[in-house]
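Residue 81 in the working numbering sits at position 70 of the sequence shown; the count goes up by one each step and never skips. All C-beta atoms in this analysis are idealised placements derived from N, C-alpha and C, irrespective of residue type, glycine included.
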Amino acid sequence: LEFALKDLKKEGFGEPPLKFCWLSMGSEGRGEQLLRTDQDNAIVYEDPSEEIAPIAEKYFLELGKRVVDILVACGCFIYCFK
Numbered sequence: 012l013e014f015a016l017k018d019l020k021k022e023g024f025g026e027p028p029l030k031f032c033w034l035s036m037g038s039e040g041r042g043e044q045l046l047r048t049d050q051d052n053a054i055v056y057e058d059p060s061e062e063i064a065p066i067a068e069k070y071f072l073e074l075g076k077r078v079v080d081i082l083v084a085c086g087c088f089i090y091c092f093k
């Protein structure tokens, strides 16, 4: 998450537009992963104003994509397309 946030900032996306929380669910969230497994993640963020909503959506979709790609690149996780 920190790597993705740093990259987004360097690339001009700036800081997150709203307060948010990254959630790891399923076996990942329960700390039950023994071997390679898929990812079940979510981002929950503050309720945006109408003005901020499109900016927040773009930012958090990009953040999620980057975090997932980083985890896959580490070799411990696979994509989950459910």
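Using a threshold of 9 Å, state whether the C-beta atoms of residue i and residue j are closer than that.
i: Trp33; j: Val78; result: yes
i: Leu29; j: Ala67; result: yes
i: Glu61; j: Phe24; result: no
In terms of residues, what are the limits of the beta strand (DSSP E) holding residue i?
i: Cys32; result: Phe31 to Ser35
i: Ile54; result: Asn52 to Tyr56
Could you tell me the distance, in whole angstroms, from the CA atom of residue i to the CA atom of residue j?
i: Phe71; j: Phe88; result: 20 Å
i: Asp58; j: Ala64; result: 8 Å
i: Cys85; j: Ala15; result: 13 Å
i: Phe31; j: Lys17; result: 15 Å
i: Glu26; j: Gln50; result: 25 Å
i: Leu19; j: Lys76; result: 11 Å
i: Glu13; j: Lys21; result: 12 Å
By the DSSP assignment, the alpha helix (DSSP H) with residue i in it spans what residues?
i: Glu13; result: Glu13 to Lys21
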